[in-house]
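Numbering (our numbering), first residue to last: 59 to 441.
Virtual Cβ for every residue (Gly too), placed ideally from N, Cα, C.
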């Protein structure tokens, strides 16, 4: 992986020369390459992203972010570019038509089929999905999992610094849209390693898991045969703790009973009927527990996560973290990035970016990978 970054928001020949030298394109590029970009929406609005993509001799995909890091630089005013390059692995890319409620699978299937360059399933799918609260991640991930025949899916949802993510966009080859998804597929002999860290070390409000007794996709209706709000009240979380709009900074750990471990889920809203709308599937019979976030917990999970990535001894890594983790760091929003920079070896080439949601496979008890969406989590794909 080659990386480059800049804080210059307007394109110029001198900025391009700087990026080109950082990438060492003359000596560093191999036969096949693809780019991954992460930046604030201002870099799109200024024409910078389109200008850079037009100069690069390969496809570039990615999304907007709240903050990102590469080459020891970090912050919300940074443009980052990572280039995967290989003589053996081949890359393809595609962008979907706009995704709408009830029209998810067909656009994703059409885009993935356009990107197919082999009858074999991809070795890896890098997915950049739109932040569409009316749709949620499950139908997008289900469609991807189906059309890509269970290939490992790793990626991020777009986000930005606005309250309603109105400036968040997905990018492919300089085109940036709010309601589309973009994919990079890798074909060939490669064995990426996946890591995730969520809220295992946060203070737990509920000591025991409840059982999901009524649910419909990502709508949770009852736990332990009580309504969602009644159940929360029974474990000491009063109904007035929840608002009726907006993502709530309270992680719910959900166990799918499939041997892949628990994943963190964000609560989007409470319906007039008292049902809870989550950012991921609520499996009937699954177990759920409520956790409380705190600064020390975020720091601890970041340290453990970074140590795991370091121990993998890969030379390159793509790292995404939930935007809610950044917001909950309060007056020290750079702490997570600083910890990763501190722990990872100086010669590790990586791109770090905050995401509106995270996509990372988890291994079940047999070692088989199961594609999962996450919230409140750190994820890494290590090469």
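Using a Cβ-Cβ distance cut-off of 8 Å, the segment 199-215 and the segment 174-188 are in contact, since at least three pairs of beta carbons, one from each stretch, lie closer than that value. In the three-state reduction of the DSSP assignment, residue 391 falls in the coil class, being assigned neither a helical nor a strand state. Note: residue 161 is bridge-paired with 158 in the DSSP secondary-structure output. Separation of the CB atoms of residue 219 and residue 134 is rounded to 7 Å, and the pair is thereby assigned contact status at 8 Å. It is roughly 14 Å from the alpha-carbon of residue 417 to the alpha-carbon of residue 120.
Between the alpha carbons of residue 165 and residue 390 lies a distance of about 40 Å. Linking residue 282 to residue 294 through their CA atoms gives a straight-line distance of about 15 Å. A distance below 7 Å between beta-carbons, with the five flanking residues on each side excluded, links residue 124 to the following residues of its chain, in chain order: 134, 217, 218, 219, 381, 384 and 412. By the criterion of a C-beta distance shorter than 8 Å, residue 246 is surrounded in its chain by 144, 146, 147, 148 and 181, once the five residues flanking it on both sides are discounted.
Beta-bridge annotation (DSSP): residue 416 is paired with 214 and 432.
Residues 61 and 63 of the same chain have their beta carbon placed closer than 6 Å to that of residue 129, with the five preceding and five following residues left out of the count. Under a 10 Å Cβ-count criterion, residue 404 is classified as exposed, with fewer than 16 other Cβ atoms of the shown protein chains found around its own Cβ. In this structure, residue 256 sits near residue 434, with a CB-CB distance shorter than 7 Å. Taken atom to atom, the span from the alpha-carbon of residue 271 to that of residue 279 is near 8 Å.
Considering only 428, 386 and 322, the residue with the shortest C-alpha distance to residue 352 is 386.
Rounded to whole angstroms, the Cβ separation of residue 199 and residue 211 is 7 Å, and the two are in contact under 8 Å.
Within the same chain, 60 come within 8 Å of residue 82 by CB-CB distance, once the 5 residues on both sides are set aside.
Rounded to the nearest angstrom, the gap between the Cα atoms of residue 155 and residue 284 is 41 Å. Judged by DSSP in its simplified three-state form, residue 326 adopts strand. Of the candidates 358, 341 and 110, 341 places its Cα closest to the Cα of residue 314. Shown here, residue 256 sits in coil according to DSSP, grouped into three states, outside any helix or strand. It is roughly 18 Å from the alpha-carbon of residue 427 to the alpha-carbon of residue 377.
Annotation: residue 270 is outside any alpha helix (DSSP H); the continuous beta strand (DSSP E) that includes it extends over 268-274. Between residue 173 and residue 152 the beta-carbon gap is near 4 Å, inside 8 Å, which marks them as a contact. Take the alpha-carbon of residue 106 and the one of residue 393: they are about 28 Å apart. Counted as a single uninterrupted DSSP element, the beta strand (DSSP E) harbouring residue 243 occupies residues 240-245. Restricting attention to alpha helix (DSSP H) runs no shorter than 4 residues, the segment 66-146 encloses them at 71-81, 83-86, 99-103 and 106-113, ordered along the chain.
Contact between residue 242 and residue 92 holds: their C-beta atoms lie close to 5 Å from each other, under 8 Å. Its chain contains 147 and 181 as the residues whose beta carbon lies nearer than 6 Å to that of residue 248, once the 5 sequence neighbours on both sides are disregarded; these appear in chain order.
By the neighbour-count criterion, in which a residue is buried when 16 or more other Cβ atoms sit within 10 angstroms of its Cβ, residue 162 is buried.
The C-alpha of residue 197 lies about 14 Å from the C-alpha of residue 237. In the DSSP assignment, residue 198 falls within the unbroken alpha helix (DSSP H) covering 196-205. A distance below 6 Å between beta-carbons, with the five flanking residues on each side excluded, links residue 441 to the following residues of its chain, in chain order: 250, 372 and 374.
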